[in-house]
Structures are given as C-alpha cells and as structure tokens.
Amino acid sequence: MQKHNFSAGPCILPQEVLKKASEAVLNFNNDNLSLLEISHRSKAFVDVMENARSLALELLGLEGKGYKALFLQGGASSQFLMVAQNLLEKRAAYLNTGTWADKAIKEAAIFDDILEVASSKDANYNYIPKGFDIPEDHDYFHCTSNNTIFGTQMKKFPKSPIPMVCDMSSDIFSRTLDFTKFDLIYAGAQKNMGPAGTTLVIVKEDILGKVSRKIPSMLDYKLHISKGSMFNTPPVFPIYTSMLTLEWLKNLGGIKAIEKENKKKSILMYSEIDLNPLFKGFAAKADRSDMNATFNLVNEDLKETFESMLQEAGINGLNGHRSVGGYRASMYNALPLDSVKVLVEVMSELEYKA
Ligand SMILES: *Cc1c(COP(=O)(O)O)cnc(C)c1O
16 MQKHNFSAGP
26 CILPQEVLKK
36 ASEAVLNFNN
46 DNLSLLEISH
56 RSKAFVDVME
66 NARSLALELL
76 GLEGKGYKAL
86 FLQGGASSQF
96 LMVAQNLLEK
106 RAAYLNTGTW
116 ADKAIKEAAI
126 FDDILEVASS
136 KDANYNYIPK
146 GFDIPEDHDY
156 FHCTSNNTIF
166 GTQMKKFPKS
176 PIPMVCDMSS
186 DIFSRTLDFT
196 KFDLIYAGAQ
206 KNMGPAGTTL
216 VIVKEDILGK
226 VSRKIPSMLD
236 YKLHISKGSM
246 FNTPPVFPIY
256 TSMLTLEWLK
266 NLGGIKAIEK
276 ENKKKSILMY
286 SEIDLNPLFK
296 GFAAKADRSD
306 MNATFNLVNE
316 DLKETFESML
326 QEAGINGLNG
336 HRSVGGYRAS
346 MYNALPLDSV
356 KVLVEVMSEL
366 EYKA
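Heads up: the sequence shown runs through residues 16 to 369, numbered per the working numbering.
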C-alpha cells in the first residue's frame, strides 16, 4: 500500500534519491565497491564532498559571496554550542521562538549571560514575536527560521546590525529568501535534505577568528574550512544522499520551483484546517509554517475514528509533538501534493461522518 509520509524528521526523501543512494551502497560509481567501504580521501568521494558543498551554496545564491559550506556531525544540536564557541566574545542576543531556540540559548548560556530579545514562551510558542530591538553592541543575533514543533515560521527577518545566525533545520531549501542577510546558517540534514547524520553549516568567513578563547579542533569552523570539511572522517552516506537531494532540487528548478509546490501544499492544508469545524489550527495565522502544520481535534471523542481513518489511508507520521499534542502535518520538499490531498480528503470525510 502506498504510504503518505508526514513524518517531522527524519522524514520523506525523493524516491529517486533513495534509489540512487541504495545503489551506491552496493556499487558506487560502477567500481564494484560500496560507497561505504572506500576511502573518504579517494577522488570519488572528494568529488562528492565538493559537489555537495558547492550545490548548497549555488542553490542558496551564495556562490562567490564569501561563504563556505561545511558538512559536520553532531546534529543541529551541536551547532547550538559551536556557534557560541566560535562567535561569542562578550554577549549574544537570541530570539526565543520554541524548544529548539530555547535549547540554543541554554548552550550559549554556558559561555555567558544571554540576552533574549523576545520570547513567545508565554503562549506555548504559538506565534513569532515582532518589533524587538537587536542591540548593536552584541556579538551576534540568533534566530530559528521555522519552529518544527509548534508550526510557526518567520516570514520576515529583522535588519540586524550584528551578524545574524539562523537555525534553518526544518525549512532550508524550501523557500526563496535573501540568504546574504545571514552570516551563519545551519541545518540538520534530516528535515529537508538527507538522512540523519550530517549538518550543513554555511558560514561567511569574515565573521570568524574574532574570539579570544581557544576553540577545540572539532568545534572550530576555521579548521573545518581549511580542511575542506574533511578534518576527520566525514559521514559519507548522509553527505552523498544530501548531494543527491540537492541535485534533485536543482533539476526541478531550484528553490523557486519547489517554493511554488510547497505553497500549493500549505494553502490546501490550512484551508481544510480553517474550513473544517472539527479541527483547530495551533499556530497564529500570520506565522503559520509552510513546512509543519499543527492542528488539534476540537472534540477529542473523534480521535479514535480519525486515527483509524488515517491508518486506512496510509497516512504516516501525523502525531503532534508531545509539547503541543494533536497533529502535525510535515510537508517537506519531497512530500507530493497528492499526499496532502489524501490527508485533506480524510479530514473532510470525518466531517461527514461526525
Ligand atoms: C530537528 C531540529 C533540531 C535538532 O536537530 P538534531 O540534528 O537532532 O540535533 C534543531 N533545530 C530545529 C529547528 C529542528 O527542527
């Protein structure tokens, strides 16, 4: 039975990417060797790494603009710490829009007191705070473009007088933005790019080397850049698969093309949430995420019926995060519009049944 995979992460990848990636596990480059058993220093893998790094910059429109792309380990969660290690000298400013932002703040607070410019914690993070000031005398400003758990997304980014750092784990490569506004972007691969196990970091080189502390080698962006993202053995399979996804996206027409598809999906999804009286959206309308739609049943008595209908329709991964409850439809790049149509049909069928 065909499945419709709304999983929040790890999540759906394009079928053709999965096929090519699995082929490479058995026979990479027609060499009769597995991608998993060749040296990461071989020309074949160095080419993969270079291709993945340059595709990432190309798709974001950042080629030749002083940025470097790295594929690191330790998840986006390690970036919470690494950003502070590399950039925090006096004090940093953070926007608190959810669980992940809060975790980023906790890690940075190991180094120094953190300024929270604004927070939506008071409303269980169902909106994005606006109209806050970013002080000029801080080292950097950190924000989270898409709040995977709560289903909110920053539609506009502030004009920051200091370097702007952004956790884009769950919406990178999903919409057009002026990426030159950001000085450092990071994203765990497993939400919109590849399997778990690597994290893309895009950093403008000129913001580095300004802190006085000694940085441990594995946490030092400058060192990773100087080694071509191969200071130690990189996670070859997640990087190869990410490269395939980036190629897939480029062949589709890049971010502009996928953004159109993503819009169609989210418009369809939210119109059902709004029109169907059995459901209620969680996030403030103006801040709704095009990637993760969060919603609840108005009447919990329908839970069993709804969930058995979901199962019958082959819908997977729709459970909300425990801190929000209800449902979360994650509509990442690789999710077909047809899957959203199936989900919306089930929701409207429930309305007739109820
Ligand atoms: C999933 C997620 C993370 C955590 O990523 P890991 O790779 O598991 O460390 C961080 N930030 C955001 C916005 C996420 O969606």
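Glycine is no exception: its CB is placed at the ideal position from the N, C-alpha and C atoms.
All values reported here derive from a predicted model rather than from experimental measurement.
P210 and T163: beta carbons closer than 8 Å?
On the sequence shown, residue 210 is found 195 positions in, with the first residue counted as 1. On the sequence shown, residue 163 is found 148 positions in, with the first residue counted as 1. Contact flag unset, no.
Report the option in H55, S22, L51 whose CA atom is closest to the CA atom of K242.
As a first step, residue 242 is located in the sequence shown; it is residue number 227 there, counting from the start. Answer by Cα proximity: H55.
For K18, report the span of its beta strand (DSSP E) as first-last.
Numbered from 1 along the sequence shown, position 3 holds the residue referred to as residue 18. Here K18 belongs to no beta strand (DSSP E), and DSSP marks it neither H nor E.
Taking 8 Å as the threshold, find out whether the stretch 16–23 comes into contact with the stretch 349–361 through three or more Cβ pairs.
yes
If you follow the beta strand (DSSP E) that D182 is in, where does it begin and where does it stop?
For the purposes of this step, residue 182 is identified with residue 167 of the sequence shown, where counting begins at 1. Counting along the chain, the beta strand (DSSP E) containing D182 begins and ends at 179–182.
K368 by DSSP, collapsed to three states: which one?
Residue numbering aside, residue 368 sits at position 353 when the sequence shown is read from its first letter. Looking at K368 - three-state DSSP - the assignment turns out to be helix.
How about S184: is its Cβ closer than 7 Å to a heavy atom in ligand 1?
Working through the sequence shown from its first residue, we reach residue 184 at position 169. Yes, the beta carbon of S184 sits closer than 7 Å to at least one heavy atom of ligand 1.
Can you pull the DSSP bridge partners for N161?
Translated into the one-based positions of the sequence shown, residue 161 becomes position 146. According to DSSP, which records beta bridges pairwise, N161 is partnered with Q168.
Taking the continuous alpha helix (DSSP H) assigned at I230, which residues delimit it?
One-based indexing of the sequence shown puts residue 230 at position 215. Premise fails: I230 is in no alpha helix (DSSP H) and is neither H nor E.
Under 8 Å between the Cβ atoms of A84 and I149?
Working through the sequence shown from its first residue, we reach residue 84 at position 69. Working through the sequence shown from its first residue, we reach residue 149 at position 134. Against a cut-off of 8 Å, the Cβ pair of I149 and A84 comes out as no contact.
Quick check: the stretch 95–104 against the stretch 62–72, are at least 3 beta-carbon pairs closer than 8 Å?
no
On the premise that W263 lies in contact with P29, defined as a C-beta separation below 8 Å, what is that separation, rounded to the nearest angstrom?
Translated into the one-based positions of the sequence shown, residue 29 becomes position 14. Translated into the one-based positions of the sequence shown, residue 263 becomes position 248. The Cβ separation is near 5 Å, so the contact holds.
Exposed or buried, T320, counting other C-beta atoms within 10 Å across all chains shown (16 or more means buried)?
For the purposes of this step, residue 320 is identified with residue 305 of the sequence shown, where counting begins at 1. T320 is exposed by the Cβ-count criterion.
Confirm the yes/no value for this check: CB of S92, any heavy atom of ligand 1, distance under 7 Å.
Taking the sequence shown and counting its residues from 1, the one referred to as residue 92 is at position 77. Yes; taking the cut-off as 7 Å, the Cβ of S92 has a heavy atom of ligand 1 nearer than that.
Roughly how many angstroms lie between the CA atoms of F252 and A59, to the nearest whole one?
Numbered from 1 along the sequence shown, position 237 holds the residue referred to as residue 252. Numbered from 1 along the sequence shown, position 44 holds the residue referred to as residue 59. Taking the straight line joining both Cα atoms gives about 13 Å.
How is N311 classed by DSSP in three states: helix, strand or coil?
What you label residue 311 is simply residue 296 of the sequence shown in a count that begins at 1. Correct three-state label for N311: strand.
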